[in-house]
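Residues 65 to 941 in the numbering used here are what the first sequence lists, from first letter to last. Cβ coordinates follow ideal geometry from the N, Cα and C atoms, glycine included. Since the structure comes first, as structure tokens, the remarks are kept for the end.
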Amino acid sequence: MVEPQEKSAGDARAERYNPRESEPFWQGVWSERESFASRENDTREPYYVLEMFPYPSGRIHMGHVRNYTMGDVVARFQRAKGKNVLHPMGWDAFGMPAENAAMANRVHPREWTYANIAAMRKQLQSMGFSLDWGREFATCDEDYYHRQQMLFLDFLENGLVTRKTSKVNWDPVDQTVLANEQVIDGRGWRSGALVEQRELTQWFFKISDFAEDLLAGLDTLENWPEKVRLMQRNWIGRSEGLRILFEIVDGGTVEVFTTRPDTLFGASFIALSADHPLAAELSKSDHALKAFVAECRRMGTAAEAIETAEKKGYRTPLTVRHPVIEGATLPVYVANFVLMEYGTGAIFGCPAHDQRDLDFANAYGLPVFPVVLPEGESAETFAVTTEAYTGPGIAFNSGFLDGLAIDDAKEKIASVLEARTIEGAPQATRQVNYRLRDWGISRQRYWGCPIPVIHCEVCGVVPVPKKDLPVRLPEDVEFDTPGNPLDRHPTFRNVDCPQCGAPARRETDTMDTFVDSSWYFARFTAPHADAPTIPSLADKWLPVDQYIGGIEHAILHLLYSRFFTRAMQKCGHLDVAEPFKGLFTQGMVTHETYRDAKGEWVAPADVRIETSEGVRIARHLATGTEIAIGSVEKMSKSKKNVVDPDEMIATYGADTARWFVLSDSPPERDVQWTEAGIEGAWRFVQRVWKLVNDARAVIELPAQPGGGDAVASEMLKVAHRATAHVGSDIAGLRFNRAVAQIHEFANAISRFINEMDPSPAEVRIEALRVAVTRLVQLIAPMMPHLAESCWRILGYESLVCDTPWPEADPSYLVDDTVVLAVQVNGKRRGEIEVAKDAPNADVEAKALSLEAVARILGTNPPRKVIVVPNRIVNVVA
RNA sequence: GCGGGCGUGGUGGAACUGGUAGACACACAAGACUUAAAAUCUUGAGGGGGUAUCCCCGUGCGGGUUCGAGUCCCGCCGCCCGCACCA
């Protein structure tokens, strides 16, 4: 491998560019001049660019480098475009790993966390990001969680918080509760442990109150990836349906929810969830049912089980009257596939038009009545056996619904049943249902934001008065026993009721860490305010113009943040509904994997790649033994295929690493880290340095007076085009294309210099000066340190980062002539150069005069000639 | 199962609303410089055939629309992502 730093010592005009000297130097200059601090009295248009803040694990990884580099390019570009840019950084600092570290190493979570933050801050600073460090905070700062507690109390007051007993997802390893979103395939998202169901009283944010608004808001988020909007739409899961009351033959009613009331005539059974109150009631006197209910609950959580589980049911003694078929009754089952959490916890089964119902019906010998006839089928012969029909069609065998299309049938049955009453209530009610449930935020952990309430036996739940905030995390805690240390901390737990003074118990649960990250973007607009926000400032900056982060947060973090913003709006902390106007989700950084003969993973740093006869062979650096090259995977510690940013910066410098992660791969896709790739980036850094130094030498030559010059104006044309393209590519976050444009531009300047004679004409020197100045400006957002050094070489005394983005002169962007491809029958046979916007007749004549065209046509006249102005000519022979 | 996305040289990838496919880069090869290597510079290259500057094939596969298809439509194949007994 190259050891660049050894070859790059020397003064400012050294042969080689030396990032080890240059990068810390410019970082010092920017910091001293506070180049990137945002000021409130600035009248320029505000622009807020934010990258998802990191968890302080202790070291940055390449994913951070890529994410923050993209954000930094946007920030520097917008600053150059004259915007007042806010680009802050902070730390998502509460959470389990600090407690795990505390248990493993007997170090306090606070110490561990702040030490990690200090280390990572240093690493981030070595990347040269244009961050406003004056706004930095960590979510575990007392100052921050104090305001979060204020928000909690405001939410409580405004009816946005609720406390309820519910079946919760219990992570037996982390010993805490997980939200539904945090359970992935039946396992805890962090621990990977199989999640159990427990009954606990929990605090909830009423996100479901906003379900409709969160759904509608998605339509306004035009600068979000369609994929993310779709994922949120599905997550919210709106469905329109009907609640229908069925009369139980022995008295009473049972209410079901359905989105297919049009299939009511095809109903053949009713199924209740095992958790349905009626099932509980019946199981009191029915041991077999009781056992069945218990069995359902046991397998309720394991997702793999759900997938393969057979439809099982228990026939209760109950029957209900069919609402629209006179004299018919339906049996009532308790079934393992009905969810209590959705709808009413009870369904009617129409086997012909629902696969689950059909499976169930086939297992229990229940009848299958088709009631929707697909087009092209006949009512006499259409039958459903093993596959339910869920497509469009016309109602049949359905009494007064016969002949109606599905939507019309739904409408008709709804209005008929709405008008009837059962036990004084309408037999049916239209209902919009959502999959989205309330957000359970209680966590039985120490290292989180304490929930500021006190439980009093007399007064009930009492909010901690705002004057008593913050509820501080006690310092003296032990982690040697599992569970929550706060729960066994006497002075934290045992307090007097703020209302009546009686001995009371403090809430010992802390908040889900997703709460912390649901409003940090707002706090950055006034990081030192006494209140959670200063509304005028929040409204000035928000929504975030460009938010950048990983797709893994498409649902959780982004949905919670959207809810929080609405909740904060309701409480008067800010006045926008949507937190992030533009969202960009960047791809991962991947690397080849390596394994030795024993199957152990080997880190890239311990591997040497050799190429012999076109075949790549990996060898262990120390032992020389051959190592198997495996698939390309996301960089992860477990597979050891990580490349340490610190080492890259030490070897090649931050600019090279920045340039590499922006090159080649489109930013939303994964990028593969390769040794060859980083060396290519390194070479380009050196190339720019040499080019700028060469250019300066030419510019200093004595100039010969001279007028118009085609070569010089061609250089200017290229320069202006590059300016326009790079600008629009960066604005559209197409960094890989901006990089390609810059390559081409640099190639053109190189050629221009090479062709320069020893005593160049003044116009050429001027063209070179413009071109190379622009080149430096165009690379500045991506390779800011190199750009500053080059800027100085070119003799400018200002900083590039303070220099406005260059304008592209439109007159250089249009050509006087255009080259048109000439096709015959759609195949390219040659090209012609014509004046721009030349009359079609002239273009046609010139195209037909081409030798290749004439040869193919022979003596026959063309049947047709299509001229697309300034684009193409197609001759139809 | 449902929903979404993607398939382009040896590789990463360009190609704006249908209009010169393969920009740019990596890797490769040849040459220059060098005692040599590295670095650097120049040149070459989708595949095949003709050894000039000519022709054929070519964007996962098969059809279609069009003067013209990587791009639009239909049917397959493969890969990736999200959701998943949500009634």
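- Taken atom to atom, the span from the alpha-carbon of Thr317 to that of Ile308 is near 10 angstroms.
- Taking a cut-off of 8 angstroms on C-beta distances, the region 715-727 touches the region 740-749, as three or more cross pairs fall below it.
- By the CB criterion at 8 angstroms, Ala941 and Pro926 fall inside the cutoff.
- Under the three-state reduction of DSSP, Lys604 is assigned to helix.
- With a contact defined as Cβ atoms closer than 8 angstroms, Gly547 and Gln508 qualify at about 7 angstroms.
- One Cα belongs to Val357, the other to Val241, and the distance between them is close to 23 angstroms.
- Within the same chain, and ignoring the five residues on either side of Asn148 in sequence, the residues whose Cβ sits closer than 6 angstroms to its Cβ are Asp106, Arg108, Pro110.
- The C-alpha of Ala392 lies about 47 angstroms from the C-alpha of Leu620.
- Under DSSP, Ala568 shares a beta bridge with Val559.
- The three-state secondary structure of Asn82, taken from DSSP, is coil.
- Taking C-beta atoms as the reference points, Phe158 and Trp665 fail to come closer than 8 angstroms.
- The count of Cβ pairs closer than 8 angstroms, one atom from the region 112-131 and one from the region 754-762, stays below three, leaving the stretches out of contact.
- If you look at Pro709, you'll find it in the alpha helix (DSSP H) that goes 709-716.
- Counting C-beta atoms within 10 angstroms of its own C-beta, Gln841 has 16 or more neighbours from the protein chains shown and is therefore classed as buried.
- Straight across, the Cα-Cα distance linking His637 with Lys701 is about 41 angstroms.
- Only residues of its own chain outside the window of five on either side were considered, and among them Ala144, Lys145 have a CB closer than 6 angstroms to the CB of Trp869, listed in chain order.
- For Tyr397, the enclosing beta strand (DSSP E) begins and ends at 393-399.
- For the 8 angstroms CB-CB criterion, Ala343 and Val398 form a contact.
- The alpha-carbon separation between Ala718 and Ala851 amounts to approximately 12 angstroms.
- Put simply, the region 406-423 touches the region 292-310. At least three CB pairs are less than 8 angstroms apart.
- Listed in chain order, the beta strand (DSSP E) runs fully inside the region 104-167 are 110-115, 148-150, counting runs of at least 3 residues.
- Secondary structure of Lys928 (DSSP, three-state): strand.
- One thing to note: Asp873 has its Cβ no nearer than 8 angstroms to the Cβ of Lys900.
- Short of 8 angstroms from the beta carbon of Ile896, and not among the five residues preceding or following it, lie these beta carbons of its own chain, in chain order: Val883, Leu884, Val886, Val907, Lys910, Ala911, Leu914, Val937.
- When DSSP states are grouped into helix, strand and coil, Ser337 belongs to the coil group.
- Scanning the region 644-695 for uninterrupted beta strand (DSSP E) segments of 3 residues or longer gives 647-650, 653-659, 671-676, 679-684, listed from N- to C-terminal end.
- With fewer than 16 neighbouring CB atoms inside 10 Å of its own CB, Asn222 falls in the exposed class.
- The alpha carbon of Asp532 has as its nearest neighbour, out of Asn889, Gln213, Gly922, the alpha carbon of Gln213.
- For the pair of segments examined, the region 651-663 was found to touch the region 694-709: the number of CB pairs separated by less than 8 angstroms reaches three.
- Judged by pairs of C-beta atoms under 8 angstroms, the region 465-479 does not touch the region 268-278, as fewer than three such pairs exist.
- Beta-bridge analysis with DSSP links Phe321 to Arg307.
- Listed in chain order, the non-local C-beta contacts of Pro289 below 7 angstroms within the same chain comprise Leu647, Thr649, local neighbours out to five positions each way being set aside.
- The region 593-611 makes no contact with the region 572-580: fewer than 3 CB pairs, one atom from each, lie closer than 8 angstroms.
- According to the DSSP assignment, Gln508 belongs to no alpha helix (DSSP H), since it is labelled neither H nor E.
- With respect to the 8 angstroms criterion, Glu163 and Pro534 are not classified as neighbours on the basis of their beta carbons.
- With a cut-off of 8 angstroms on Cβ pairs, the region 486-500 is not in contact with the region 515-527, counting fewer than three such pairs.
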